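Accompanying notes for the structure given below.
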DNA sequence: TCTGGGGTCCTAGGACCC
DNA sequence: TCTGGGGTCCTAGGACCC
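Numbering (this note's numbering), first residue to last: 130 to 499.
In structure tokens form, the structure reads like this:
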């Protein structure tokens, strides 16, 4: 066991991240796509973006979340494939089963990512390196996919290690080497530091995680609030978050972006109804109901607003969801507004109980939104 | 360049209650 | 006439992640 002055047991955490997941599954299922630039996502006509790009496509500078129109300008010969989420779920379950065969302490983060707490089993495999090799081998043989693996004394280190090792990588950061490993990396590598936060830190003159670790906590708190102090901790390589196998769901939502902007009318309301149906279906699949119904509206100029209402009891049926959503929509729309997206979500989730009302008045006395 | 769809978490302010 | 303190619930927006 590693030396640790704090007296706490040293943990061994694995982060496993499937490479270019959606695109790799498409190449697996259709051998004609192997070795070719593949883009999984929506069509450029439907204002689609790239959900996943094969490594062949990334060489052209294509990245996830990039508008498909731009991706195709960068890589005109790319093959665009519509996403098949059911299939990705299937493969994801297959891979999670492999992880759970190693340890029950598996925390899925997304379809293509998971943490494993292998503290108790790592010695059975002859150490972290050997365990990671074994995991990679099993995923390749069983699912036909490559996975990048990072191993470290905590989640933060494991995650950044797998990121650094991509693709088909393996990187073990032993306890005690956290600071050394992190110091030269960009603060952007820290989980939670996005473009906005990065611009704040740029104003402070901090570029690397090492500099962030050295910075005055007060200065960080002044510009970033509580998060500044958290980032300061993380920059020292300190991260006590446990691997959690259970994540109770907090909300269920569905949204659609229209191929062209829509004004209020039968077409838009038809979309709202379809979204309410979809949310109902998914709530029932999971045996859930929720008290809070929300709508999301994105205007033609990309400005986005949300409105929500909390009902007296939890609902899981189209009629109630749709009624609440329409009420919220009526409260904000003007006839000349043009929308590019509408969405519906249900939160405040519970197990549905007994008879459900079609419509309940808001729980609060604030009825402005209605 | 022209921006998806699924989420989580955080902040801040207001209403309300005792 | 000039107004506490603590706590909870609710809403809206925004940053972020995959």
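Just so it is clear, CB atoms sit at the ideal spot from N, CA and C, and this is done for glycine as well. Computed from a predicted model, the values in this text were never measured in an experiment.
Give the secondary structure of residue i by DSSP, where H, G and I count as helix, E and B as strand, and everything else as coil.
i, result
"residue 469", "strand"
"residue 442", "strand"
"residue 412", "helix"
"residue 493", "Because residue 493 carries a pLDDT of 38, less than 50, the predicted location of this residue cannot be relied on, and the following value inherits that uncertainty. Here residue 493 sits in coil by DSSP."
"residue 141", "coil"
"residue 317", "helix"
"residue 237", "strand"
"residue 425", "strand"
"residue 160", "helix"
"residue 172", "coil"
"residue 149", "coil"
"residue 484", "Because residue 484 sits at a pLDDT of 37, beneath the cut-off of 50, its placement in the model cannot be relied upon, and the point is left open."
"residue 301", "strand"
"residue 214", "helix"
"residue 132", "Unreliable positioning characterises residue 132 in this predicted model, as indicated by a pLDDT of 49, which lies under 50. A coordinate reading is not provided."
"residue 188", "coil"
"residue 287", "helix"
"residue 374", "coil"
"residue 323", "coil"
"residue 499", "Low per-residue confidence applies at residue 499: pLDDT is 29, beneath 50, and the placement is therefore not dependable enough to give any value."
"residue 334", "coil"
"residue 281", "strand"
Look at residue i and residue j and say whether their C-beta atoms are less than 7 Å apart.
i, j, result
"residue 256", "residue 307", "no"
"residue 236", "residue 373", "yes"
"residue 281", "residue 272", "no"
"residue 476", "residue 419", "yes"
"residue 446", "residue 409", "yes"
"residue 338", "residue 316", "yes"
"residue 300", "residue 293", "yes"
"residue 232", "residue 251", "no"
"residue 244", "residue 376", "no"
"residue 424", "residue 458", "yes"
"residue 204", "residue 220", "no"
"residue 179", "residue 224", "no"
"residue 186", "residue 160", "no"
"residue 240", "residue 217", "yes"
"residue 149", "residue 183", "yes"
Which one or two residues does DSSP pair with residue i in a beta bridge?
i, result
"residue 478", "419"
"residue 433", "427"
"residue 357", "Paired residue(s): none; residue 357 is not in a bridge."
"residue 380", "476"
"residue 391", "468"
"residue 167", "208"
"residue 178", "196"
"residue 224", "None; residue 224 has no bridge partner."
Discussion item. Between the region 432 to 448 and the region 386 to 399, can you find at least three pairs of beta-carbon atoms closer than 8 Å?
Written reply: no
Legend entry - Cβ pair count under 8 Å reaching 3, the region 322 to 331 against the region 340 to 353: With a cut-off of 8 Å, the region 340 to 353 and the region 322 to 331 count as touching, because enough Cβ pairs lie within range.
When you compare the region 468 to 478 with the region 376 to 384, are there three or more beta-carbon pairs, one atom per stretch, that lie closer than 8 Å?
Cβ pair count under 8 Å is three or more, so yes.
Practice problem: Tell me, please, whether the region 198 to 211 touches the region 167 to 185 by the rule of three or more beta-carbon pairs shorter than 8 Å. | Solution: Yes, they touch.
Q) Hey, is the region 149 to 163 in contact with the region 259 to 270, meaning 3+ C-beta pairs nearer than 8 Å? A) Result no; under three Cβ-Cβ pairs closer than 8 Å.
Should the region 396 to 409 be called in touch with the region 440 to 456, which here means at least 3 C-beta pairs below 8 Å? yes
Quick check on the DSSP output: what are the complete beta strand (DSSP E) runs of length 3 or more inside the region 230 to 278, in order along the chain? 235 to 239 and 242 to 246
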